[in-house]
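Numbered according to the numbering used here, the sequence shown spans residues 76 to 337.
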Amino acid sequence: MKEKNKGLIITIIILAIFLFATTGYIIYDKVITKEEVVEEKENKDQEEVVEEDPARKLTEEEQSILTEQIKEYSTYLAMDYPVADIRAISNQSALQFALYELNVSGNDFMESDLEKQLKKYFGNNHPFIHEDIECYLDHEPLYTYDSATREYTFQDMHGHGGSGYYRPTVFFVDGTAKDNTYTVEVNIIYADYCSGLCGPMMTYYKTSGDSINSTNEILSFDEEHQVTEEEYQMVKDTLDITTFTFEKDKENNYGLKTVDID
Numbered sequence: 076m077k078e079k080n081k082g083l084i085i086t087i088i089i090l091a092i093f094l095f096a097t098t099g100y101i102i103y104d105k106v107i108t109k110e111e112v113v114e115e116k117e118n119k120d121q122e123e124v125v126e127e128d129p130a131r132k133l134t135e136e137e138q139s140i141l142t143e144q145i146k147e148y149s150t151y152l153a154m155d156y157p158v159a160d161i162r163a164i165s166n167q168s169a170l171q172f173a174l175y176e177l178n179v180s181g182n183d184f185m186e187s188d189l190e191k192q193l194k195k196y197f198g199n200n201h202p203f204i205h206e207d208i209e210c211y212l213d214h215e216p217l218y219t220y221d222s223a224t225r226e227y228t229f230q231d232m233h234g235h236g237g238s239g240y241y242r243p244t245v246f247f248v249d250g251t252a253k254d255n256t257y258t259v260e261v262n263i264i265y266a267d268y269c270s271g272l273c274g275p276m277m278t279y280y281k282t283s284g285d286s287i288n289s290t291n292e293i294l295s296f297d298e299e300h301q302v303t304e305e306e307y308q309m310v311k312d313t314l315d316i317t318t319f320t321f322e323k324d325k326e327n328n329y330g331l332k333t334v335d336i337d
């Protein structure tokens, strides 16, 4: 009898252990695991919400700043368009562009002066380096660079005028910003190319190449004339869309990254 009772007790203990184990598994599988899945899904949804940063329209201030920069690029660098990567612009072209923007008129200047212009137009982490700036015509030094003193010295030995430049009129089409990337679409009309002495702006062209060659004019006037909004609307549909992308750095520079023409 005692043996039977002992066996029964053991059986009851085994069944109780089995019941507790089964109940624990069900609670883990149905409740705890489900809560973990729900929590994981909620965390994932939150991460997706944080990562999603839709593009927004440019503010009026951003539009004004970037349109003005585009005008400056197009005045001196339009021959390099399109630009798949800013590094495709030669170091000399970048330095000459910064020199034009510095506007020192043959005076000596410091590396830091030129560097401010490079950062303003190409960003704080631009790829360009400081070296002698060549004359566009004979490729001899126009400014020599001293890395020890970090000074640029004008070489007054070039018996000719400065290089030519374009005279663009930029019309804003659209612009968006997402994170630190800014995308701006514009139409650009080029007046007659200015080489040496500049004549009046009377004829306008679709491309920078046309302005140099004086071919395929799209607007023409009898005297000096700045294209109006109404006149622009007349030829708007014939113009290419030129898309500029910029990256804004921590110093609030809008560094040019690419230029695409469609």
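Every residue gets a Cβ at the ideal spot worked out from N, C-alpha and C, and that includes glycine.
Here the structure is a predicted model, which is why all the values come from computation and not from measurement.
Check, Outcome
"Find the nearest neighbour of Ile161 within the set Glu135, Gln171 and Gly198, judged by alpha-carbon distance.", "Gly198"
"For Tyr268, report the span of its beta strand (DSSP E) as first-last.", "It is not in any beta strand (DSSP E) - Tyr268 carries neither H nor E in the DSSP assignment."
"Give the secondary structure of Arg162 by DSSP, where H, G and I count as helix, E and B as strand, and everything else as coil.", "helix"
"Taking a contact to mean a Cβ-Cβ separation below 9 Å, would you say Ile208 touches Glu260 in this structure?", "no"
"Out of Gln167, Tyr227, Leu141 and Arg225, which has the shortest C-alpha to C-alpha gap to Pro202?", "Gln167"
"Within the chosen definition, does the region 247-255 reach the region 133-142 through at least 3 CB pairs nearer than 8 Å?", "yes"
"Using 9 Å as the threshold, is the C-beta distance between Phe321 and Thr256 below it?", "yes"
"With DSSP collapsed to three states, give me the class of Lys132.", "strand"
"Report the start-end ranges of each beta strand (DSSP E) in the region 253-294 that is 3 residues or longer and not cut off at the edges.", "256-266 and 278-280"
"Spatial neighbours of Phe296 within its chain, please: CB distance less than 6 Å, with the 5 preceding and 5 following residues excluded, ordered by chain position.", "Met277"
"Going by alpha carbons, who is nearest to Ala223 out of Glu215, Pro243 and Met185?", "Met185"
"Compare the C-alpha of Leu314 against each of Asn262, Glu306 and Asp285 and name the closest.", "Asn262"
"When you compare only the Cα positions, how much space is there between Asp324 and Leu141?", "14 Å"
"Just how far apart, CA to CA, sit Asn327 and Lys191?", "12 Å"
"Might you give, ordered along the chain, the residues of its own chain that have their beta carbon closer than 7 Å to the beta carbon of Leu331, omitting 5 neighbours on each side?", "Tyr148, Ile161, Tyr196, Phe197, Phe319 and Phe321"
"Please go through the same chain and pick out, in chain order, the residues whose beta-carbon is closer than 8 Å to the beta-carbon of Gly181, but skip the five residues on each side of it.", "Phe229 and Asp231"
"What do you get for Ile145, buried or exposed, if any count of 16 or more other CB atoms within 10 angstroms of its CB means buried?", "buried"
"Would the beta-carbon of Cys210 fall within 9 Å of that of Gly239?", "no"
"Here's the rule I'm using: 16 or more other beta-carbon atoms within 10 Å means buried, otherwise exposed. How should Ile336 be labelled?", "exposed"
"Once you ignore the five residues that flank Phe246 on each side, which residues in its own chain have a CB closer than 7 Å to its CB?", "Val261, Asn262 and Tyr307"
"Please go through the region 188-231 and give each complete alpha helix (DSSP H) segment of 4 or more residues, from N-terminal end onward.", "none"
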